[in-house]
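Chemist: Below are the structure tokens for one structure; questions will follow.
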Amino acid sequence: MIYFIAFAIVFLLAVIIVQIGKITEIASRIRGEEEVEIQNNTTQGKWLLAFMAIFLSGTIYSAYYYKNSMLGYGPLTSASEHGFELDSLFNVTLFFTGIVFVITHILLFWYSYKYRKQRDTKAVFFAHDTKLEMIWTAVPAVVMTYLVASGLVAWNSIFPTLTEEDKYLEIEATGYQFAWDIRYPGEDGKLGRKDFRLIDLANNSLGIDFNDPNANDDIVLGGTDKIILPVDSTIKVRITSKDVLHNFYLPHFRVKMDAVPGLPTSFIFKPVKTTKEFREQLRQYPEWQVPADPDDPNGPQRWETFEYELACAELCGKGHYSMRRIIEVVSREEYAAWMAGQKSFYSTNINPEPAAAVKDTTVADTTASAALDTASVK
Amino acid sequence: MANVTVHEEDVLIKDHGFDDHFHEHHHGDKYQTNFIFHYVFSMDHKIIARQFLITGMIWAIIGAAMSVIFRMQLGFPEESLTWIKPLLGKWIEVDPTTGIGKLVPEFYYALVTMHGTIIVFFVLTAGLSGTFSNLLIPLQLGARDMASPFLNMLSYWFFFFAGVVMFYSLFLSTGPFSGGWVAYPPLSALPQASSGSGTGMTLWLVSLVLFVVSVLLGGINYITTVLNLRTKGMTLWRMPLTIWAFFVTAILGLLSFPVLASGFFMLVFDRSLGTSFFLSEIFIEGQALDRVGGSPILYQHLFWFLGHPEVYIIILPAMGLVSEVLSVHARKPIFGYRAMVYSIMAIGFLSFIVWAHHMFMSGVNPFLSNFFVVFTLIIAVPSAVKVFNWITTLYGGNLRLNTPMLFAIGFVSMFISGGLTGIFLGNSAIDIQLHDTYFVVAHFHIVMGVAAFFGMFAGVYHWYPKMYGRFMNETLGKIHFWGTIVSAYAIFWPMHYTGMAGVPRRYYSFDSFDAFRHFADLNKFITVFAIISFAVQLVFVINFFYSIWYGKKMTSKNPWGANTLEWTTPIEPIHGNWPGKLPVVHRWAYDYSKDEREFVPQHIPLKEGEVGDH
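Structure below.
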């Protein structure tokens, strides 16, 4: 019955639509086609102008309205060093394209209105003008050259080649359906080999090869543990995947790179704000001074619950939208202290006995930031 | 005035036309005699064009309806979708305690995938280029038909069967393919990775290989016809821009689709024959795959080697149609004809050397990206030239603001808005932030989705009288135009903002991320306009089918006062297009408002002392 009613409604609407159409045909027969055409041109011309006005002011107003929720504006400035460069490139591009967007739209709609056919109007024969065409080929070419040049300079500085002398912390992110495993290199600062054939879901889900001495002190974070990173340190993330394509995406750090099975990729970035500092930054803005949970007005505010997040940005199957991990950027001292409390994967999962011994020496040696410089950060 | 001109034209063709003795050989053509061969297995390019158009429209409705369903899940995740359970069955999961029905994530991804595949290939490739290349190439060139009418018929039927296979895959118990329209392996190669990667993916591949055959048969025909069957006097530099666009489009298709097919074949081998072109070091479903040595990135190269030209295969025909419509209804020559042609060629050429700009973040060597950034952003130059030329075409014109013209103006607006965001994305450094976010979704929907649809609508409203001998209703056309441009911008403009906030595309739900879940209002807004936009398209569909039988009749051969040759053919279309001799061409297609004459069709000889082409 419901389907019958739905069908009847659709049918009725169709009839109404057809009838609306017929009215104008009858009108044009009464008033003469030429008259109707000229009047129509004026109406449509005005509509085009009105559309232009609403559209252009709408785009500008909405951009202003949403500016604080977009990356690079308001509170959401970059949390990594290279991110500022990207944000400024974005703004430079926005400046040029914005000008073109507004001017071309004004001309397009204004001409459509101004040169509409009226009684006794005529078109001019204006087929080409070499000088004009040269100008509007050259100007975009110059602007593009500038944008390309600044873009490529930034791009190549974001993907540097790190040498042995550079101090950096290399961690590894392994994507799989539908989560991430994170591995730290441990004391030696080197990630051990791994081999997908050694994967044993119960005991060695990454397939770490413990014949490689570098692997013995590697630390693997549990499934939901926060990823802790030291601030102001160069971090190289080695990105791999166990099954299908994933993408290691840190929106606040402007980091994004595919995880490809069989082909490790990497991204180098330097966090410049700890999670705490970023929260303080957000705190200044009224939209962050509201309760994080609308149902709990007395609970923590939005800025207090802010976390850096890791997401997947390459379709990987039905759980693609749920590969969240929290990243916490801390001071180097806190990082060193946290690292000191971690146990190597080998000691906890493969061979629990000698674990204690390894552990003790680490703790003993640790004077907070010294450990970071010598061990974890190469 | 108009009637007199038409009369003179008839005499002109009769007395001075080119006699190819066509009708002496083709009288009582057997292929035109009965219903089956006239309307179903037709070899007449005009019928095949309508077949492409109507099949494309059916697919457009299916593809758009899918987007409405997944938009409802995104915009109103709290609302129950139980009411579409009769249609979708087990793909709506009803929570037993709350009674709220939700789209199953697998099927959400299947809908997203099918929406992309259907709209890109079946609607905007076959439905757009297939329709208008078939209709206009012979008519505007003064040819009797395509070079090979038989291959032309096969082209349609391969497309038809590609559609049948794809349609069948929608009803599989494991669901249609759900790995995105780009079908990246290993997700698409391993049935254990996703339920849609089983039989659904097999059928997807079969369907698209059939589709590639269809495009190649069509493309070979278009190229041959353009090169060999132009009437006397129709030099390449006198061809209308529509033909130039279709010609370059066909070349792009011919060169790039086989590469896609090669990628598909390797994918089939990986799936069925145990090869490992695209697979390496994979551990899935508790087992290590024993095949190593391949690279998933190789597939991406092969895919985007088609994939990028493909977006120009979609947009170039629309550009051609819009150039023609703008010029005819502005009563002015298209501004900078030669620059327009060179731009089409430049865009066509460049489209082959920019494919990896889809892969900046896919793990290819970052150094390689330098070249692709440069080539990509060079495309902005010919594109800008085209935009400026379109706008200048309006300058000083005498514009008829009827539905085809409005859609052509809308096209230019869309192409500007969507084209400019391409400058952000083509710059690899900015792409780090924007890649695979809603910013990309906004960009390509506006520039090649909505814009191509606008070009197609402009074409349909403009050439409808040529197809059916009747006009579409103007009032409904205007409702359609205003409804579409407003809702299209309302849908896609806000996506720039969510994209700039970092929200990734292809997310079934944004709730789990603190960074992405604060756009519920925008998502609702987008969904509401998606529904409105869908409803407005139904006005078009009704208008289209109603007008076939009841539209205002065409009373003169050349209702728009256009210069191109298709308007010299009889109102009642006939096999062979012209009843007697073929028209002979004496000038370019854009002599509008020249020397006090409002329009001078191409087959009118030059007056003494008149300068011909421009």
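Chains V and D, in that order, are what the protein sequence lines are.
Going by our numbering, 183 is the number at position 192 of the first sequence; the sequence numbering is gapless.
Going by our numbering, 274 is the number at position 251 of the second sequence; the sequence numbering is gapless.
Where is the CB? At the ideal position from N, CA and C, for every residue including glycine.
Model, not experiment: these values are computed from the prediction.
Can you tell me which of D:L110, D:F130, D:T105, D:A511 puts its alpha carbon nearest to the alpha carbon of D118 of chain D?
Modeler: With distances taken between Cα atoms, D118 of chain D lies closest to D:T105.
Chemist: Which chain D residues are close to D111 of chain V, counting only those with a beta carbon under 7 Å from its beta carbon?
Modeler: Those within 7 Å of D111 of chain V in chain D number zero; the least Cβ separation is about 10 Å.
Chemist: With DSSP run on the structure shown, which of helix, strand or coil describes F336 of chain V?
Modeler: Here F336 of chain V sits in helix by DSSP.
Chemist: Could you check the C-alpha separation between Q10 of chain V and Y569 of chain D for me, to the nearest Å?
Modeler: If I take the Cα positions, the gap works out to 11 Å.
Chemist: Checking 8 Å against the spacing of the C-beta atoms, do F75 of chain V and G419 of chain D come in under that value?
Modeler: Not closer than 8 Å, so no.
Chemist: Let's test the definition: count the other Cβ atoms within 10 Å of the Cβ of L197 of chain V and tell me whether it reaches 16, buried, or not, exposed.
Modeler: Classification for L197 of chain V: buried.
Chemist: Check each candidate in D:L278, D:A403, D:G276, D:A465 and name the one with the smallest Cα separation from M446 of chain D.
Modeler: Per the sequence presented here, residue 446 of chain D reads as Ile, with Met not at that position. The shortest Cα separation from I446 of chain D among D:L278, D:A403, D:G276, D:A465 belongs to D:A403.
Chemist: What are the boundary residues of the beta strand (DSSP E) that includes V117 of chain D?
Modeler: Note, V117 of chain D: beta strand (DSSP E), 115 to 117.
Chemist: Excluding the five sequence neighbours on either side, which residues of its own chain have a C-beta within less than 8 Å of the C-beta of M370 of chain V, listed in chain order?
Modeler: Within the shown structure, residues of chain V are numbered from -8 to 369, placing residue 370 of chain V beyond reach of any answer.
Chemist: Using 8 Å as the limit for Cβ to Cβ distance, is D67 of chain D near chain V?
Modeler: Chain V contact via Cβ: absent.
Chemist: Suppose only complete runs of 4+ residues qualify. What are the alpha helix (DSSP H) ranges in the region 127 to 176 of chain D, listed by chain order?
Modeler: Runs of the alpha helix (DSSP H) inside the region 127 to 176 of chain D: 128 to 140, 154 to 164.
Chemist: Let me make sure I understand the geometry here. Which of D:I85, D:L302, D:V146, D:F375 has the alpha-carbon closest to that of F75 of chain D?
Modeler: Ranking the options by Cα distance to F75 of chain D, first place goes to D:V146.
Chemist: Within the same chain, show all residues whose beta-carbon is closer than 8 Å to that of I320 of chain D, passing over the 5 residues directly before and after it, in chain order.
Modeler: Within the same chain, I320 of chain D has close Cβ partners M382, S385, G386, V387.
Chemist: How far does the alpha helix (DSSP H) with R361 of chain D in it reach, from first residue to last?
Modeler: 360 to 373 is the extent of the alpha helix (DSSP H) around R361 of chain D.
Chemist: Would you call the region 247 to 264 of chain D and the region 185 to 200 of chain D in contact, with 3 or more CB pairs under 8 Å?
Modeler: Flag = no, the region 247 to 264 of chain D and the region 185 to 200 of chain D do not touch.
Chemist: Should the region 281 to 294 of chain V be regarded as contacting the region 181 to 190 of chain D, the criterion being three or more beta carbon pairs within less than 8 Å?
Modeler: The region 281 to 294 of chain V is not in contact with the region 181 to 190 of chain D.
Chemist: Is there at least one non-hydrogen atom of the ligand NAP closer than 7 Å to the beta-carbon of E621 of chain D?
Modeler: The ligand NAP is not part of this structure, which contains no ligands at all.
Chemist: Please report the distance separating the alpha-carbon of L192 of chain V from that of Y175 of chain V.
Modeler: So the alpha carbons of these two residues sit roughly 19 Å apart.
Chemist: Can you pull the DSSP bridge partners for F260 of chain V?
Modeler: Answer by DSSP bridge pairing, in chain order: V:I226.
Chemist: Taking only beta-carbon atoms, is D459 of chain D less than 8 Å away from chain V?
Modeler: Taking Cβ atoms only, chain V reaches closer than 8 Å to D459 of chain D, which makes this a yes.
Chemist: Below 8 Å on the Cβ atoms is my contact criterion, and I expect I230 of chain V with I173 of chain V to pass it. Report the Cβ-Cβ distance as a whole number of Å.
Modeler: That pair is no contact at about 11 Å.
Chemist: Taking only the alpha-carbon atoms, compute the straight-line gap between L47 of chain V and R529 of chain D and give it to the nearest angstrom.
Modeler: C-alpha separation (whole angstroms): 29 Å.
Chemist: Name, in chain order, the residues that DSSP records as bridge partners for N31 of chain V.
Modeler: Partner(s): none; N31 of chain V has no beta bridge.
Chemist: Who pairs with H237 of chain V in a beta bridge, going by DSSP?
Modeler: Bridge partners of H237 of chain V: V:A250.
Chemist: Between the region 194 to 210 of chain V and the region 296 to 307 of chain V, do three or more beta carbon pairs fall short of 8 Å?
Modeler: Taking 8 Å as the limit for Cβ pairs, the verdict is that the region 296 to 307 of chain V does not touch the region 194 to 210 of chain V.
Chemist: Can you look up S232 of chain V in the DSSP assignment and give me helix, strand or coil?
Modeler: It is a strand residue.
Chemist: Using a Cβ-Cβ cut-off of 8 Å, state whether V331 of chain V counts as contacting chain D.
Modeler: Note that residue 331 of chain V is Ala in the sequence shown, not Val. No, A331 of chain V lies away from the interface with chain D (no Cβ there is under 8 Å from its Cβ).
Chemist: With T416 of chain D and S350 of chain D assumed to form a contact (beta carbons below 8 Å), what rounded beta-carbon distance in angstroms separates them?
Modeler: T416 of chain D to S350 of chain D, Cβ: 6 Å. Contact.
Chemist: CB F270 of chain D to CB Y245 of chain D, shorter than 8 Å?
Modeler: Yes, they are a contact pair.
Chemist: Hey, quick one: how far does the beta strand (DSSP E) through K108 of chain D stretch, first residue to last?
Modeler: No beta strand (DSSP E) holds K108 of chain D; the alpha helix (DSSP H) holding it covers 108 to 111.
Chemist: Which first and last residues belong to the beta strand (DSSP E) in which R253 of chain D is found?
Modeler: No beta strand (DSSP E) contains R253 of chain D, which DSSP labels as neither H nor E.
Chemist: Verify whether the separation of the beta carbon atoms of H352 of chain D and M428 of chain D is less than 8 Å.
Modeler: In contact: H352 of chain D and M428 of chain D (Cβ atoms closer than 8 Å).
Chemist: If we ignore side chains and look at the alpha-carbon of each, how far apart do I370 of chain D and F398 of chain D end up?
Modeler: Those two C-alpha atoms are separated by around 10 Å.
Chemist: If we define contact as Cβ-Cβ less than 8 Å, is D286 of chain V a contact residue for chain D?
Modeler: It does not; no Cβ of chain D falls within 8 Å.
Chemist: Can you pull the DSSP bridge partners for T460 of chain D?
Modeler: T460 of chain D pairs with D:P527.
Chemist: May I ask you to report which of helix, strand or coil DSSP gives W171 of chain V?
Modeler: Strand.
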